[in-house]
Amino acid sequence: MRNTMSNKNLPLRVTPLVEARFGLDGGAMFGIIPRPLWGKTNPPDENNRIDMACRCLLVEYGDRTVLVDTGIGSKWSDKERGIYKIHDQDDGLRAALDERELSTEAIDDVILTHLHFDHAGGVSEFADDAETVRATFPNATHWVQRRNWSWANSPSARDGGSYRKLDFGFFETSDDAPPLELVDGIAEIMPGIEVLPVHGHTFGMQLVKVETAEHTFVHLADLIPTSSHMRDPYVMGYDLQPLVTVEEKREVLYEAAKNDWVLIFEHDPKMGCARVEHDERGRPKAVPVSL
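1 is the number of the first residue of the sequence shown in full-length UniProt numbering; add one for each residue after it.
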């Protein structure tokens, strides 16, 4: 679906924001790829964890402010923080927003690619009593694919640990919960912002395509979590349908190279944005872009 809105209605600015850094098992992140290969670009620590980022996206119109994903959030025990190596965290993205003279209350819309804890954990926070869960962005309309909402509320035994109802359950239990909009399939949910569902990683995940006057940005979520995952067999062990991931990845990379899209890697610890080129063997590679 091509955006036909005039440029004055398109987003003015797109800014990647890192909410936290954390670590996950390198073997799980690279599936069938042997450690001697993925370890060259993503060296593991003593517990076999690789460095990862939680990279959100701030999209600003003249009168509207949108956040894509919310990071891992602050509702973690010390033990859990140790397991996931959570560090360098900006709770609620407050510092990053403060630098832009924004507050969490000023966010008008939150688009969630899916409800895994490292993407939607920051959608809520503990209140002052450290027990009650409340919305981090109380004035925002929250957007998620209907299929992912259903799956998150009744996941399989295989991926149940990735969905924490502590993060998003307040939408159904709290009288003060902000609006939740469930999206069905491909949709332009606001001028210049289109969501594209993909199902290889988990059912109902959505990529977020943002059109500005100068560039087209695509936030890749977990379809291609880092720049090291661009080649076909580099698929996470977490993916529910790895062969579907391969086909979805090929399609997105083809369109990205053809149309000069700027891709946003949610979990790459160093490279946040890139264009796609192909090497002498026809394999896709990431060419870093500075925003």
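Idealized CB from N, CA, C, for every residue including glycine.
Beta-carbon separation of residue i and residue j under 8 Å?
i	j	result
I186	L196	yes
R49	G31	no
T212	F265	no
D69	R21	no
E60	P16	no
T202	P178	no
V262	V235	no
T104	A221	no
M230	P284	yes
A53	G237	no
I111	W143	yes
V14	F217	yes
Roughly how many angstroms lie between the CA atoms of residue i and residue j, to the nearest whole one?
i	j	result
V252	N259	10 Å
R164	I72	11 Å
G82	G23	9 Å
C56	I193	15 Å
S124	H219	21 Å
T4	K209	Legend: pLDDT at T4 = 47, less than 50; position of this residue unreliable, value from coordinates given subsequently. Each residue's Cα considered, the two are about 14 Å apart.
N47	R64	43 Å
P233	D176	45 Å
A120	L166	10 Å
P44	A286	21 Å
P242	S77	32 Å
N148	L115	7 Å
V198	V246	11 Å
E181	L223	22 Å
S228	V276	13 Å
A257	S156	35 Å
L102	G282	44 Å
N42	H267	12 Å
R94	K79	24 Å
Y84	Y254	33 Å
S174	E280	55 Å
Measure the beta-carbon distance from residue i to residue j and round it to whole angstroms, keeping in mind my assumption that it falls under 8 Å.
i	j	result
Q145	G204	4 Å
G160	G122	Contact doesn't hold; Cβ gap of about 20 Å is too wide.
N139	I107	7 Å
F117	S162	6 Å
List the endpoints of the continuous alpha helix (DSSP H) containing residue i.
i	result
F203	Segment: none, F203 is in no alpha helix (DSSP H) and carries neither H nor E.
S150	146 to 153
residue 318	This structure does not reach residue 318, given that the chain is present from 1 up to 291, and the question cannot be answered.
K40	35 to 41
R158	Premise fails: R158 is in no alpha helix (DSSP H) and is neither H nor E.
G23	From DSSP, G23 is part of no alpha helix (DSSP H) but of the beta strand (DSSP E) over 13 to 25.
K85	Here K85 belongs to no alpha helix (DSSP H), and DSSP marks it neither H nor E.
Looking at the unbroken beta strand (DSSP E) that takes in residue i, where does it start and where does it end?
i	result
I264	262 to 264
E181	180 to 183
A187	187 to 190
V68	65 to 68
L58	49 to 60
### Task
Check whether the region 132 to 140 touches the region 164 to 178, taking contact to mean three or more Cβ pairs, one atom from each stretch, closer than 8 Å.
At 8 Å Cβ cutoff, the stretches touch.
### Given 8 Å, three or more beta-carbon pairs between the region 35 to 43 and the region 121 to 129
no
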